[in-house]
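First to last, the sequence lines map onto chains A and B. Heads up, the first sequence stops at 429 in our numbering, and the numbers go up one at a time, no gaps. Heads up, the second sequence stops at 1241 in our numbering, and the numbers go up one at a time, no gaps. Since the structure comes first, as structure tokens, the remarks are kept for the end.
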Amino acid sequence: MDKAVKIPKVTIAQHGVWTKETRQEINHKAVTGQHRVRGMGAITRFPNFDDLTVLPAQLSRLSVDTYRESCVTKTSLGSRFASKPLEIETPIMISGMSYGALGKEAKTALAKSTQIVGTSINNGEGGLLPEERDNSYKQVVQILPSRFGFSLESIEAADALEIICGIGAKPGLTGHLLGNKITKEIAELRQIPEGIDLYSHPRHGDIFGPDDMVLKIKELRDITNFEIPIFLKIAAGRVTEDVKIAVKTGADGVVVDGCQAGTGAAPVVASKNLGIPTLPALVQATRAIEDMGVKDEFSLIVSGGIRDGADVAKALALGADAVAIGTGANIAMGCISCQKCHEGVCPVGICTQDPELREKLVDDAAQRVANYITAMTNEAIIIAKAAGKTKLSNLEREDIRSMTLEACAMTGIPLIGTNFTFTEPFGFF
Amino acid sequence: MESLTITDQTSVEVNQMLRRLIKEHDELRIENPHSIHNLGTALKGKCKVTINGSTGYFTGGFLAGPTLEILGNTGWYTGDNMSDGEIIVHKSTGSNCAPSMMGGTLLVRGNSGSRLGFGMKGGDLIVCGDAGRWAGYMTLGGRIIILGKMGPVIGESMYKGVIHTVDPDVESKIGNNVRVVNITESEKQAVTALFEKYQIDHPVDQFKSVIPLESGRHKYTLFNPTHRQSSDANVNLHHKI
Chain A
1 MDKAVKIPKV TIAQHGVWTK ETRQEINHKA VTGQHRVRGM GAITRFPNFD
51 DLTVLPAQLS RLSVDTYRES CVTKTSLGSR FASKPLEIET PIMISGMSYG
101 ALGKEAKTAL AKSTQIVGTS INNGEGGLLP EERDNSYKQV VQILPSRFGF
151 SLESIEAADA LEIICGIGAK PGLTGHLLGN KITKEIAELR QIPEGIDLYS
201 HPRHGDIFGP DDMVLKIKEL RDITNFEIPI FLKIAAGRVT EDVKIAVKTG
251 ADGVVVDGCQ AGTGAAPVVA SKNLGIPTLP ALVQATRAIE DMGVKDEFSL
301 IVSGGIRDGA DVAKALALGA DAVAIGTGAN IAMGCISCQK CHEGVCPVGI
351 CTQDPELREK LVDDAAQRVA NYITAMTNEA IIIAKAAGKT KLSNLEREDI
401 RSMTLEACAM TGIPLIGTNF TFTEPFGFF
Chain B
1001 MESLTITDQT SVEVNQMLRR LIKEHDELRI ENPHSIHNLG TALKGKCKVT
1051 INGSTGYFTG GFLAGPTLEI LGNTGWYTGD NMSDGEIIVH KSTGSNCAPS
1101 MMGGTLLVRG NSGSRLGFGM KGGDLIVCGD AGRWAGYMTL GGRIIILGKM
1151 GPVIGESMYK GVIHTVDPDV ESKIGNNVRV VNITESEKQA VTALFEKYQI
1201 DHPVDQFKSV IPLESGRHKY TLFNPTHRQS SDANVNLHHK I
């Protein structure tokens, strides 16, 4: 052969185990000796509501006119013991994101959006920002172990209380707010030194167990004159046991936060490896509430990876009374998911305390979030009406089917094309 | 003085009655408290309420003005989240006394259990007897004064605030991210004023102060191998439980 044959070189772009991200993780640890902390929460692909489909009404039942007949979206939460339950226009709430993790303008915009659509905002850790309370339609106030900025006045300003036991993005861990976001104002509100890396208190100093929680809730009932609802927020883990305990503590409802939930900062290992996804958590929570015989009175709110109206409709069908959104609302305000929330360098002015960056928040942030919630609610209505419902809350588990064996086994909802489940059936057939 | 006798009322009923009577009286007295929980929740205004006996958990939670004088013992979480006023316990308290306390004074004439002043944010907590472990954990402010012996892990990861102690072993008992210094003159004056007010006979010169690190920046060691440390090395016994 006169000319040597040039054999193309094969470049292996990606190794099955030693991926680019894995190699970067190892190098980070090799240099720092520390675990990595990052914003946004888990990036793992989890089973989610896409693995379910809703059955449309045809001959066995009639669908409802999408554009002309009405569908009730008003949602009432926490009426178990509270005389003034949380009444909102849509079952989509804005979840707790702290002033500190988010800038003042972003928090205020979120609050304003709740006025536009008639829903609630949750203050998150670090105190209740006056601009948030002044602009919110309904204000949920969190009671966290740290009690940063929390006082009797916070309770008196609330339309509902939420006692935090855990959050889905880092269950078993607590708030991480790194020094570049702890400005003078944030430090004063939280009573901490300026510029430190803050790792919040791990557990409530006045609630060291479920029996103490019973007394704490009684104390809060006394303060609020049995008027406003008291919810417990738990990260999804041992959901069955935790929800049953929540019922026994005398709360009005529970917020179950799946492991897809977002956060301003968390150890990557925690976001990636702790907790269970929202979908199976919701099924376990509903089962637990039904086992306790309180389905009609005990509110169930789910959060963690809720993206659109289909997620809302399916969550309601599986037993939720409402959902809470965080990351989705931030994306509506311009978040590009750069996962640098912890660094305080948010290029779109949401998760930052830098005055110059905060100016980059889009002018119509409040309206965009309101539009997003409106469109999500529209989508949920479209699905509910197609399934023959005149109320979103009438969606039920018989209306849905599993698209995958995995979802079927996880939820107990029959696989499409069958009336069978490959696990404990979930309430029908 | 108006006197109440608790029979079969719930804590909510008793507290509602107290809130009403506080507006009309300068002094109130509660007989037979039956150690009920949640007694004196979120009371406001100015009034002295004397409780002739012992109370349960969460005594004087969210207190915002009045003086509660308990002639017996109190349970866990005494004075949780209190912002103003006084709680004076003549005997001892259970654990987690004054969690997240914001202001006012909590005086314990006897002993107090573990984790007193957990996440405390302000006010004065005085214990005339001994105190359990993990006192002043992650405080954000306030002053804790202990006249007796203290358990281990004093002031773990305090952000702000001060713990005054006369425990001779304080150096070996402190938690991480805090240091021991001598009490300052201004602190002596403040403590002396408190002691005079509450008729506590104790010299103030002997106090040491446990305070946060100057930088306020905490360091945490999750994995701490000890096999290569010599016996005389400064072994960091993190979280000495």
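Yeah, the Cβ is synthetic: ideal placement off N, Cα and C, and Gly gets one too. All figures in this text were calculated on a predicted structure; none of them were measured in a lab.
Which class does residue i belong to by DSSP, given the choice of helix, strand or coil?
i, result
"glutamate 25 of chain A", "helix"
"leucine 1071 of chain B", "coil"
"serine 154 of chain A", "helix"
"proline 130 of chain A", "helix"
"proline 347 of chain A", "coil"
"asparagine 1234 of chain B", "Note that asparagine 1234 of chain B scores a pLDDT of 49, beneath 50, so its modelled location is shaky and nothing firm can be said."
"asparagine 1182 of chain B", "strand"
"lysine 1044 of chain B", "strand"
"alanine 332 of chain A", "helix"
"glutamate 227 of chain A", "coil"
"threonine 423 of chain A", "coil"
"lysine 1197 of chain B", "helix"
"isoleucine 196 of chain A", "coil"
"proline 414 of chain A", "coil"
"glutamate 185 of chain A", "helix"
"asparagine 1242 of chain B", "The requested residue 1242 of chain B is not part of the displayed model; chain B covers only 1001 to 1241."
"threonine 1105 of chain B", "strand"
Kindly list, in the order they appear in chain B, the residues whose Cβ is closer than 9 Å to that of residue i.
i, result
"serine 146 of chain A", "Ser1100, Gly1119, Met1138, Leu1140"
Contact defined as beta carbons within less than 8 Å: I believe residue i pairs with residue j. What is the distance between those atoms, to the nearest angstrom?
i, j, result
"lysine 1208 of chain B", "isoleucine 1183 of chain B", "7 Å"
"threonine 1105 of chain B", "threonine 1074 of chain B", "With a Cβ gap of about 15 Å, threonine 1105 of chain B and threonine 1074 of chain B do not count as contacting."
"asparagine 1096 of chain B", "glycine 166 of chain A", "Asparagine 1096 of chain B to glycine 166 of chain A, Cβ: 20 Å. No contact."
"alanine 366 of chain A", "isoleucine 116 of chain A", "7 Å"
"glycine 309 of chain A", "threonine 377 of chain A", "6 Å"
"serine 200 of chain A", "proline 145 of chain A", "7 Å"
"leucine 55 of chain A", "arginine 287 of chain A", "Not a contact, Cβ separation roughly 21 Å."
Please report whether the beta-carbon of residue i lies at a distance below 7 Å from any beta-carbon of chain A.
i, result
"phenylalanine 1058 of chain B", "yes"
"alanine 1190 of chain B", "no"
"alanine 1135 of chain B", "no"
"glycine 1061 of chain B", "yes"
"glycine 1045 of chain B", "no"
"histidine 1239 of chain B", "With a pLDDT of only 45 at histidine 1239 of chain B, under the threshold of 50, the placement of this residue in the model should not be trusted, and no figure is reported."
"asparagine 1015 of chain B", "yes"
"arginine 1217 of chain B", "yes"
"valine 1235 of chain B", "Any reading at valine 1235 of chain B needs caution, since the residue's pLDDT is 47, under 50, leaving its predicted position unreliable; the model's value is listed next. Not one chain A Cβ lies under 7 Å of valine 1235 of chain B."
Interface residues of chain A around residue i at Cβ under 9 Å?
i, result
"aspartate 1080 of chain B", "Gly205, Asp206, Lys216, Glu219"
"lysine 1160 of chain B", "Gln191, Ile192, Pro193"
Mind listing the chain A neighbours of residue i? Cutoff is C-beta to C-beta under 7 Å, in chain order.
i, result
"asparagine 1096 of chain B", "Gly205, Asp206, Phe208"
"histidine 1037 of chain B", "Leu215"
"threonine 1041 of chain B", "Glu219, Asp222, Ile223"
Residues of chain A with CB under 8 Å from residue i, in chain order?
i, result
"serine 1011 of chain B", "Lys218, Asp222"
"alanine 1064 of chain B", "Leu152"
"arginine 1115 of chain B", "Gly205"
How would you write the range of the beta strand (DSSP E) that residue i sits in, first residue to last?
i, result
"glycine 309 of chain A", "Segment 309-317 is the alpha helix (DSSP H) holding glycine 309 of chain A; no beta strand (DSSP E) there."
"methionine 93 of chain A", "92-94"
"aspartate 291 of chain A", "Careful: aspartate 291 of chain A lies outside any beta strand (DSSP E), inside the alpha helix (DSSP H) at 278-291."
"alanine 322 of chain A", "322-325"
Quick one: list the residues of chain B neighbouring residue i, beta-carbon separation under 7 Å, in chain order.
i, result
"serine 151 of chain A", "Ser1083, Met1102"
"histidine 201 of chain A", "Gly1119, Met1138"
For residue i, return the contacting residues in chain B, with the cut-off set at a CB-CB distance below 8 Å.
i, result
"proline 267 of chain A", "Simply none; closest approach about 10 Å."
"aspartate 212 of chain A", "Tyr1057, Trp1076, Tyr1077"
Is the Cβ of residue i closer than 7 Å to any Cβ of chain B?
i, result
"glutamine 142 of chain A", "no"
"glutamine 191 of chain A", "yes"
"isoleucine 416 of chain A", "no"
"isoleucine 196 of chain A", "yes"
Could you spell out the range, first to last residue, of the alpha helix (DSSP H) harbouring residue i?
i, result
"asparagine 378 of chain A", "365-386"
"serine 113 of chain A", "104-117"
"glutamine 1263 of chain B", "One cannot answer for residue 1263 of chain B here, as it falls past the ends of chain B, which runs 1001 to 1241."
"valine 268 of chain A", "268-273"
"aspartate 242 of chain A", "239-249"
"threonine 411 of chain A", "405-411"
"valine 1170 of chain B", "1170-1173"
Would you say residue i faces chain E, with C-beta separation under 7 Å as the test?
i, result
"valine 345 of chain A", "Of the protein chains in this structure, namely A and B, none is chain E."
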